[in-house]
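S.K.:
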Amino acid sequence: MARHRYPFETIEPKWQARWDEEQTFTTPNPGDAGFDPAKPKYYCLDMFPYPSGAGLHVGHPEGYTATDIICRYKRMKGFHVLHPMGWDAFGLPAEQYAIKTGQHPRVTTEQNVNNFRAQLKRLGFSYDWQREVNTTDPDYVRWTQWIFLQLYHAYFDEATQRARPVAELAARGWTREQIDAVRLAFVAEVPVNWSPDLGTVLANEEVEEWKAKGNKVERRPLRQWNLRITAYAQRLIDELEDLDWPESIKLLQRNWIGRSEGAEVTFLVKRQGGRKEHEVTVFTTRPDTLFGATYLVLAPEHPLVDEVTTQAQKESVAAYRRETAAKSDMDRTEATPKKTGVATGGYAINPVNGTRIPVWVADYVLMSYGSGAIMAVPAHDERDFAFAQQFDLPIIEVVQPPGDVSGSCYAGAGVAKASGFLDGLPTAKAKELIIAWLEAHGKGRRKIHYKLRDWLFSRQRYWGEPFPILWKDGVHEALPEAELPLLAPDLDDFKPTGSPEGPLSKATDWIRHGKKARRETNTMPQWAGSCWYYLRYTDARNQQRFAGASAESYWMGAGSGKPGGVDLYVGGTEHAVLHLLYARFWHKVLHDLGHVSTREPFQKLVNQGLILGEDGQKMSKSRGNVVNPDDVVAEFGADSLRLFEMFMGPLEQVKPWSTKGVEGVNRFLAKVWRLVMEEDQEGRWVPSPSIADVPPTKMQLKILHQTIKKVTGDIESMSFNTAISQMMVCTNELAKEDPRPASVVATLVQLLNPFAPHLADEVNEILHERFGESVVPANLAYHPWPEHDEACLVEDEIEMVVQVNGKLRDRIRVAPDCPQKTCEELALACEGIKKHLDGLTIRKVIVVPKKLINIVAN
RNA sequence: GCUCUCGUGGCGGAAUCGGUAGACGCGCUAGAUUCAGGAUCUAGUGGGGAGACCCGUGGAGGUUCGAAUCCUCUCGAGAGCACCA
Numbered sequence: 012m013a014r015h016r017y018p019f020e021t022i023e024p025k026w027q028a029r030w031d032e033e034q035t036f037t038t039p040n041p042g043d044a045g046f047d048p049a050k051p052k053y054y055c056l057d058m059f060p061y062p063s064g065a066g067l068h069v070g071h072p073e074g075y076t077a078t079d080i081i082c083r084y085k086r087m088k089g090f091h092v093l094h095p096m097g098w099d100a101f102g103l104p105a106e107q108y109a110i111k112t113g114q115h116p117r118v119t120t121e122q123n124v125n126n127f128r129a130q131l132k133r134l135g136f137s138y139d140w141q142r143e144v145n146t147t148d149p150d151y152v153r154w155t156q157w158i159f160l161q162l163y164h165a166y167f168d169e170a171t172q173r174a175r176p177v178a179e180l181a182a183r184g185w186t187r188e189q190i191d192a193v194r195l196a197f198v199a200e201v202p203v204n205w206s207p208d209l210g211t212v213l214a215n216e217e218v219e220e221w222k223a224k225g226n227k228v229e230r231r232p233l234r235q236w237n238l239r240i241t242a243y244a245q246r247l248i249d250e251l252e253d254l255d256w257p258e259s260i261k262l263l264q265r266n267w268i269g270r271s272e273g274a275e276v277t278f279l280v281k282r283q284g285g286r287k288e289h290e291v292t293v294f295t296t297r298p299d300t301l302f303g304a305t306y307l308v309l310a311p312e313h314p315l316v317d318e319v320t321t322q323a324q325k326e327s328v329a330a331y332r333r334e335t336a337a338k339s340d341m342d343r344t345e346a347t348p349k350k351t352g353v354a355t356g357g358y359a360i361n362p363v364n365g366t367r368i369p370v371w372v373a374d375y376v377l378m379s380y381g382s383g384a385i386m387a388v389p390a391h392d393e394r395d396f397a398f399a400q401q402f403d404l405p406i407i408e409v410v411q412p413p414g415d416v417s418g419s420c421y422a423g424a425g426v427a428k429a430s431g432f433l434d435g436l437p438t439a440k441a442k443e444l445i446i447a448w449l450e451a452h453g454k455g456r457r458k459i460h461y462k463l464r465d466w467l468f469s470r471q472r473y474w475g476e477p478f479p480i481l482w483k484d485g486v487h488e489a490l491p492e493a494e495l496p497l498l499a500p501d502l503d504d505f506k507p508t509g510s511p512e513g514p515l516s517k518a519t520d521w522i523r524h525g526k527k528a529r530r531e532t533n534t535m536p537q538w539a540g541s542c543w544y545y546l547r548y549t550d551a552r553n554q555q556r557f558a559g560a561s562a563e564s565y566w567m568g569a570g571s572g573k574p575g576g577v578d579l580y581v582g583g584t585e586h587a588v589l590h591l592l593y594a595r596f597w598h599k600v601l602h603d604l605g606h607v608s609t610r611e612p613f614q615k616l617v618n619q620g621l622i623l624g625e626d627g628q629k630m631s632k633s634r635g636n637v638v639n640p641d642d643v644v645a646e647f648g649a650d651s652l653r654l655f656e657m658f659m660g661p662l663e664q665v666k667p668w669s670t671k672g673v674e675g676v677n678r679f680l681a682k683v684w685r686l687v688m689e690e691d692q693e694g695r696w697v698p699s700p701s702i703a704d705v706p707p708t709k710m711q712l713k714i715l716h717q718t719i720k721k722v723t724g725d726i727e728s729m730s731f732n733t734a735i736s737q738m739m740v741c742t743n744e745l746a747k748e749d750p751r752p753a754s755v756v757a758t759l760v761q762l763l764n765p766f767a768p769h770l771a772d773e774v775n776e777i778l779h780e781r782f783g784e785s786v787v788p789a790n791l792a793y794h795p796w797p798e799h800d801e802a803c804l805v806e807d808e809i810e811m812v813v814q815v816n817g818k819l820r821d822r823i824r825v826a827p828d829c830p831q832k833t834c835e836e837l838a839l840a841c842e843g844i845k846k847h848l849d850g851l852t853i854r855k856v857i858v859v860p861k862k863l864i865n866i867v868a869n
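So in our numbering the end of the first sequence lands on 869, straight run, no missing numbers.
1. Do you know offhand how far C841's Cα is from E835's?
2. Let's see if you can read the secondary structure: which residues bound the alpha helix (DSSP H) around L131?
3. Spatial neighbours of V363 within its chain, please: CB distance less than 6 Å, with the 5 preceding and 5 following residues excluded, ordered by chain position.
4. Can you list, in chain order, the residues of its chain with a C-beta nearer than 7 Å to that of K132? Leave out the 5 residues immediately preceding and following it.
5. Going along the chain, which residues of its own chain have a beta-carbon closer than 6 Å to the beta-carbon of A346, five neighbours each way excluded?
6. Could you check the C-alpha separation between V673 and F59 for me, to the nearest Å?
7. So, are the CB atoms of N388 and L309 less than 8 Å apart?
8. Is it the case that the segment 281-291 contacts the segment 477-493, given that we only count it when at least three CB pairs across the two stretches are under 8 Å?
9. Quick one: residues in its chain with C-beta nearer than 7 Å to the C-beta of W256, no 5 flanking neighbours on either side, listed in chain order?
10. Name the one or two DSSP bridge partners that W696 has.
11. Under the DSSP definition of a beta bridge, which residues are partnered with S271?
12. Measuring alpha carbon to alpha carbon, tell me which of K527, P860, R234 ends up nearest Q471.
13. Hey, could you find the ends of the beta strand (DSSP E) C542 is sitting in?
14. Use the C-beta contact count for M710: other C-beta atoms within 10 angstroms, 16 or more gives buried, fewer gives exposed.
15. In chain order, what residues of the same chain lie with their CB nearer than 8 Å to the CB of Q264, ignoring the 5 residues before and after it?
16. Beta-carbon within less than 6 Å of D691's beta-carbon, same chain only, minus the 5 sequence neighbours each way: which residues are those?
17. Should E488 be labelled buried (16 or more other beta-carbon atoms within 10 Å of its own) or exposed?
18. How would you label T519, buried or exposed, when you count the other beta carbons within 10 angstroms and need 16 or more for buried?
19. Checking 8 Å against the spacing of the C-beta atoms, do V69 and W98 come in under that value?
20. I'd like to confirm the pairing. Which residues does DSSP put opposite T292 in its beta bridges?
21. Could you tell me the alpha carbon to alpha carbon distance between I622 and E585, rounded to whole angstroms?
22. Can you look up Q411 in the DSSP assignment and give me helix, strand or coil?
23. Apart from the five residues on each side of it in sequence, which residues of its chain come closer than 7 Å, Cβ to Cβ, to F679?
24. Buried or exposed for F468, going by 16 or more other Cβ atoms inside 10 Å?
25. Reducing DSSP to helix, strand and coil, say where A346 ends up.
26. Could you say which of W236, G513, E334, S430 lies nearest to P207 if we only look at CA atoms?
27. In the structure shown, what three-state DSSP assignment does H266 receive?
28. If you compare alpha carbons, which of R822, I864, Q814 is closest to K832?
29. Could you give the DSSP three-state label for Y358: helix, strand or coil?
30. Per DSSP, what are the beta-bridge partners of W902 in this structure?
31. Please look up how many angstroms separate the CB atoms of S271 and T296, rounded, as I've assumed it's under 8 Å.
32. Just to check my reading of the structure: R332 and P311 have Cβ atoms closer than 8 Å, yes? What is that Cβ distance to the nearest angstrom?
33. Alpha carbon to alpha carbon, how far is A109 from H115? Give it in angstroms, no decimals.
34. With a CB to CB cut of under 6 Å and the five nearest residues on each side skipped, what residues in its chain are close to H602?
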């Protein structure tokens with residue numbers, strides 16, 4: 012093997028061991044020894060990993076290096092920095108692996124965690140390992156279950172838009188049934204994605220992944236635990252406002268929640284020739300087009316379908332319902348231009364004009380959105396238009412589009428026509444008026460609808476948190492808090508049962524509780540643990556509470572007027588919606604109930620971009636383009652890996668891996684090393700004679716202070732790539748100098764410390780031993796960050812560009828405070844400029860101070 | 001289909017406010033040193049041209065003394081949502 016360009020293979024383990032021994036990055040909580048209340052705090056969080064058997068991939072160190080740089084920088088800036096790490100260790104992959112190998116998931120999880128921890132330590136991240144959390148630890152599970160019970164014992168008070176304890180309702184005389192109907196954690200029969208192969212239900216977003224792996228997934232109604240996240244829909248939208256998140260992520264969340272404003276309209280429906288009338292409520296965002304409704308559509312699952320279907324249509328309606336029942340929501344919403352449906356033979360009365368319109372059943376109307384019924388206005392809705400064309404249904408135009416455009420279907424705003432009392436009104440006004448009319452006549456009301464569904468919270472798995480719930484005579488109740496944590500029993504056989512009871516139903520002893528009660532056998536989804544881990548870090552070993560109140564309010568304390576707690580949260584975009592929405596929801600409930608101090612969990616969010624393979628494709632085993640961080644560390648060292656991941660480009664951007672690029676940054680680090688060390692005849696590293704305790708020259712100070720300024724600003728704005736490039740410039744300049752002032756090199760090393768901490772600590776130690784405390788500090792981790800001196804940056808002479816009609820023609824050198832008039836004269840006097848002005852008349856001269864002079868002439 | 005993000009050398013990328021396009025790194029070329037080099041150092045490196053110069057930030061227009069940057073249209077890539085009434 013080729014000899015390394017500098018001895019990182021001895022430097023890196025040495026400093027990792029020392030940071031461990033000296034507990035360099037252990038952070039005190041308020042009241043602990045070493046806590047200084049005068050210091051500001053900074054809570055910098057990484058998305059914790061799922062410790063898979065495959066180990067760390069190069070995507071992990073990207074975000075983790077970015078936060079590590081910020082943390083090391085903030086410590087040097089005098090902050091108390093909370094920088095923790097942990098494991099999101101429950102989940103289906105571990106369980107699947109366990110079933111395959113016969114090993115208990117606890118065993119494989121522990122192995123994977125140990126591997127991940129060792130890998131992360133080899134990268135030199137400055138985590139406070141005393142605060143490590145693992146979602147599968149009994150001490151952690153206890154509080155996950157405790158938080159579930161908070162949800163179970165709470166309801167959402169519409170008037171105040173806050174969660175309140177259900178005990179208040181009981182005190183007001185509410186019945187048990189009434190209370191159960193409003194709990195934030197509740198049982199309901201809902202259509203779920205049940206996989207008989209996996210023996211569990213799946214979240215909608217998990218379906219595709221597991222189907223692709225060859226598992227069957229079907230739709231079936233089951234009694235499941237749900238969390239009432241829909242109650243918080245409006246707050247989850249509104250309270251995004253003051254967060255420092257990328258606009259695109261906020262938008263993604265808003266779209267996911269999917270607020271739409273409109274109205275509910277009640278139609279009377281009747282079977283043709285039948286006696287009985289029924290009311291059907293439809294939701295529409297365009298109540299102003301009510302006069303243009305030419306038919307009504309019910310979702311196939313709609314409960315009134317049977318009531319309105321005539322004898323003649325019974326057969327075809329039943330056949331159609333069977334057909335659609337076989338399709339999943341996924342299949343149904345797949346972009347198929349062909350619309351299908353059948354007439355019921357029933358009709359509806361348009362409440363605004365008494366018109367009789369036919370009632371159809373079609374699967375383009377989803378039972379899960381709105382009321383599962385729509386009024387169809389084919390003239391002004393693309394879908395209704397397509398359907399009407401297919402089945403030859405009437406089309407009535409009731410909105411005049413602006414201008415002359417008379418298309419086949421116009422869905423935009425315009426002016427109402429053929430709409431009685433709405434005629435002549437612009438769409439917005441027409442909406443207001445028709446809603447007022449509907450409300451006055453008891454035919455409908457204003458309504459805001461959200462796309463967001465309640466959160467299906469139970470899974471039929473073994474490797475997850477059991478619900479702290481008991482069943483007595485078919486009624487659920489909370490497990491007493493004193494009995495937490497409730498751990499899953501050790502089972503020899505934790506395979507899926509194939510039934511919705513899940514593997515825990517096999518633990519016949521465990522299920523029995525006392526004489527009468529049985530335990531709930533479902534477990535929580537993997538999201539549960541990740542919903543609150545950032546809170547546990549603030550006080551990870553607390554036995555009395557999920558986190559002590561003082562620790563929680565110190566670390567989560569928001570700055571003036573800010574709603575969020577964690578100062579910086581870095582992770583992948585794949586969690587833009589679900590994890591971040593779920594965590595916000597739990598946090599708000601805890602806040603409403605007085606358990607946490609802020610209304611939002613994460614003030615600032617940054618998404619790191621994906622790292623692609625060297626071929627520009629997504630890394631995958633099948634493509635054979637996966638880069639293993641361990642190999643990179645072995646060949647080039649952890650500092651090189653860290654530095655390269657930051658040098659590749661902007662953090663948020665998607666960018667391809669390059670082995671040559673790693674060599675490049677490795678060369679740079681070797682160059683820094685050679686600022687202080689050189690090789691003797693035998694190839695041993697010895698201190699360089701070029702470095703000396705001499706006063707720096709003006710030029711050296713200038714480049715150094717430029718570098719301090721640039722690196723500091725770039726860390727603040729997380730532009731790590733340009734910070735590194737500036738340090739390269741500085742190093743290249745210093746390498747040319749002889750003698751090199753020790754103080755200048757020492758300062759450069761301080762700037763490099765957050766990026767390449769092993770090398771920085773080693774070089775600093777060498778310099779410290781040689782030049783002493785007065786020139787070089789003994790330790791870097793908490794040494795004050797250098798500050799630049801503007802005085803060192805002023806130049807005697809600067810270059811200004813001279814343009815003629817915007818084209819670069821010459822340059823002049825002038826004093827930085829040169830008056831504009833003088834600059835102008837000097838520019839006009841240039842030989843190279845006169846030539847270009849020949850035969851032209853000068854119209855105007857523009858002088859941008861310290862930058863350029865543009866002569867406009869024709 | 002809709003929404004968002006992004007198009008700059010051979011490659012990754014710089015250009016923080018509308019003011020010298022291409023910093024820094026990779027790669028490439030030439031040279032020095034070396035027994036040797038996958039080490040190190042020096043110089044060069046957007047395209048065209050002998051040259052003064054000309055062209056150049058996906059394309060076409062526009063605003064401006066001046067545009068990679070702002071506006072309009074258009075093409076292309078990626079991500080998300082996808083019958084949401």
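C-beta: ideal position from N, C-alpha, C; glycine also. Just so you know, these numbers come straight off a predicted model, no measurement behind them.
M.R.: On the basis of the supplied data:
1. In this structure, the CA atom of C841 is about 10 Å from the CA atom of E835.
2. Its alpha helix (DSSP H) spans residues 116-133.
3. Within the same chain, and ignoring the five residues on either side of V363 in sequence, the residues whose Cβ sits closer than 6 Å to its Cβ are L301.
4. Cβ neighbours of K132 within its own chain (closer than 7 Å, five residues either side excluded): Q27.
5. Low confidence applies to A346: its pLDDT is 49, below 50, so where it sits in the model is not reliable enough to give any reading.
6. Spanning the two alpha carbons is a distance of roughly 26 Å.
7. Position check: residue 388 holds Val in this sequence, whereas Asn was assumed. No, Cβ-Cβ distance for V388 and L309 is not below 8 Å.
8. Because the criterion of three Cβ pairs below 8 Å is not met, the segment 477-493 and the segment 281-291 do not touch.
9. Excluding sequence neighbours, W256 sits near L616.
10. According to DSSP, which records beta bridges pairwise, W696 is partnered with E690.
11. Its beta-bridge partners are H460.
12. Distance check between Q471 and each of K527, P860, R234 places R234 closest, using alpha-carbon atoms only.
13. Boundaries cannot be given for C542, as no beta strand (DSSP E) includes it and DSSP labels it neither H nor E.
14. By the Cβ neighbour-count rule, M710 is exposed, with fewer than 16 other Cβ atoms within 10 Å of its own.
15. Once the five neighbours on either side are set aside, the close Cβ partners of Q264 are L247, I248, L251, A587, V588, L591, L592.
16. Closer than 6 Å at the Cβ level, and outside the excluded window around D691, lie V697.
17. By the neighbour-count rule (16 or more Cβ atoms within 10 Å), E488 is not buried but exposed.
18. When all chains shown are included, T519 counts as exposed.
19. Result no, Cβ atoms of V69 and W98 do not sit closer than 8 Å.
20. When beta bridges are read from the DSSP output, T292 appears opposite T277.
21. Roughly 13 Å between the two C-alpha positions.
22. Looking at Q411 - three-state DSSP - the assignment turns out to be strand.
23. Taken in chain order, the residues that qualify are M739, T742.
24. Buried, since its Cβ has 16 or more Cβ neighbours within 10 Å.
25. Note that A346 scores 49 on pLDDT, short of 50, meaning its location in the model is unreliable; the coordinates nonetheless yield the value given after this. Here A346 sits in coil by DSSP.
26. Shortest Cα-Cα distance from P207 to any of W236, G513, E334, S430 involves G513.
27. As written in the sequence, residue 266 is Asn, which differs from the His given in the question. The answer is helix: DSSP assigns N266 an H, G or I state.
28. Of R822, I864, Q814, the smallest CA-CA separation from K832 is found for I864.
29. Strand at Y358.
30. Given a span of 12 to 869 for the chain in the structure shown, any question on residue 902 remains unanswerable.
31. Sure, about 5 Å apart at Cβ, within 8 Å.
32. At roughly 5 Å, the Cβ-Cβ gap stays under 8 Å, so R332 and P311 are in contact.
33. Approximately 6 Å, taken between the alpha carbons.
34. Correct list, in chain order: R610.
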